[in-house]
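Working notes for the structure below.
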DNA sequence: TCTTTATGGACAAGTTACTTGTCTATAGAG
DNA sequence: CTCTATAGACAAGTAACTTGTCCATAAAGA
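Residue numbers (the working numbering), protein chains in the order written: chain H, 1166 to 1311; chain R, 1166 to 1311.
Take a look at the structure:
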């Protein structure tokens, strides 16, 4: 195996294509003020119990960067900040209805982007692929940039 | 299939991890002044016949961005610009010995990053995975950022 | 040939998504 | 009831891009 780099390039090209397709799908559904990185934030916020600091850790960026991102999402109406019930310093983040709508749009776009893969591979092979990737992927922050 | 987004997240997390591991491996071998994006440039330049404009198309960025990247790589001693034999406007890009050494380091790091996957999946499943990814990945620019 | 349009690349300035650094208020540990 | 850690705000700096403009050369059409 002396084409590890080629294999890596395959994975990276695939993920790049995936990001672009999802982003394009979300934009087409009217969410033109969202960038791919926002989607990763939505994932964490929709899980519940997210503070800005927790979001920063999930995204693998500094607190300040996460705070700027949250400020932008609040300004655009996708996120609201609630007071934290047990910590007067912290603010709990939550999605607005617009935020949930954008999340649904992203899921739909992801489905559309992945569908050709399912058809190309067949149901069985695709399931194996998903299982393999699940085994391979370690827990950790999802870094939206490199 | 209502977890297309989760599947997408898997692929993205995997590729992010891959990029970080390769970058870390390359840094440890002494190439601390290279970023992941440079690797994608090396891939195109090592293919031969690359001009700055061709590199820009390969990376999916503007000519100016590619020119800045090339300027940086030349300054750091990884790339040289030769006059183009048939076009007085263009300059042919080529890797220096340092450039080739960095490419070999990246390949070695990629091998190390991928090895655990081979072990976890077994040779047969891994080969299937590579074959599947090859079928799924369309030709196109490798975009180092989103 | 001679004009017209397209392309490779340089130069300059602007934008954006981050970073580091510093500060206040509150929380939790001893 | 101090002492240290953490959530977040505020400010400034930075790096990797972008848009805009220009020149020299190439390629295409009259």
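Yeah, the Cβ is synthetic: ideal placement off N, Cα and C, and Gly gets one too.
Are residue 1215 (chain R) and residue 1221 (chain R) touching if we call contact CB-CB under 8 Å?
No, Cβ-Cβ distance for residue 1215 (chain R) and residue 1221 (chain R) is not below 8 Å.
Report the residue from H:1209, H:1237, H:1277 and H:1240 whose alpha carbon sits nearest the alpha carbon of residue 1225 (chain H).
Minimum Cα distance to residue 1225 (chain H) is reached at H:1209.
Taking a cut of 9 Å between CB atoms, which residues from the segment 1181-1192 of chain H lie near chain R?
Per Cβ criterion, the list reads 1181, 1182, 1183, 1184, 1185, 1187 and 1188.
Mind pulling the chain H residues with CB within less than 8 Å of residue 1208 (chain R)?
Under the 8 Å cutoff, chain H gives 1170 and 1174.
The alpha helix (DSSP H) that contains residue 1281 (chain H), what's its start and end?
Start and end: 1262-1286.
Using 8 Å as the threshold, is the C-beta distance between residue 1279 (chain R) and residue 1169 (chain H) below it?
Taking 8 Å as the Cβ cut-off, residue 1279 (chain R) and residue 1169 (chain H) qualify as a contacting pair.
Counting only beta-carbon atoms, is residue 1279 (chain H) nearer than 8 Å to chain R?
Chain R contact via Cβ: present.
Would the segment 1267-1274 of chain R count as touching the segment 1266-1285 of chain H if we require 3 or more Cβ pairs under 8 Å?
Short answer: they don't touch.
Measuring straight from C-alpha to C-alpha, what distance separates residue 1256 (chain R) and residue 1296 (chain H)?
In a straight line, the C-alpha of residue 1256 (chain R) is about 47 Å away from that of residue 1296 (chain H).
Listed from N- to C-terminal order along the chain, which residues in the segment 1259-1276 of chain H have their beta-carbon within a distance smaller than 7 Å of any beta-carbon of chain R?
Here the close residues are 1271, 1272, 1275 and 1276.
Give me the Cα-Cα distance between residue 1200 (chain H) and residue 1190 (chain R), rounded to the nearest whole angstrom.
Residue 1200 (chain H) and residue 1190 (chain R): Cα-Cα distance of roughly 30 Å.
Can you confirm whether residue 1254 (chain H), when its beta carbon is compared against all beta carbons of chain R, has any partner nearer than 8 Å?
No - not a single Cβ of chain R is within 8 Å of the one on residue 1254 (chain H).
Please report whether the beta-carbon of residue 1227 (chain H) lies at a distance below 8 Å from any beta-carbon of chain R.
Not an interface residue.
Considering only residues of the same chain and omitting the five flanking positions on each side of residue 1238 (chain H), which have a CB-CB separation below 8 Å?
Closer than 8 Å at Cβ, skipping near neighbours: 1203, 1206, 1244 and 1264.
Less than 7 Å between C-beta atoms, sequence neighbours within five positions excluded: which residues of the same chain meet that for residue 1166 (chain R)?
Because residue 1166 (chain R) carries a pLDDT of 49, less than 50, the predicted location of this residue cannot be relied on, and no value is offered for it.
Give me the chain R residues within the contact set of residue 1299 (chain H), using Cβ-Cβ distance strictly less than 7 Å, ordered along the chain.
Residues of chain R passing the Cβ test: 1175.
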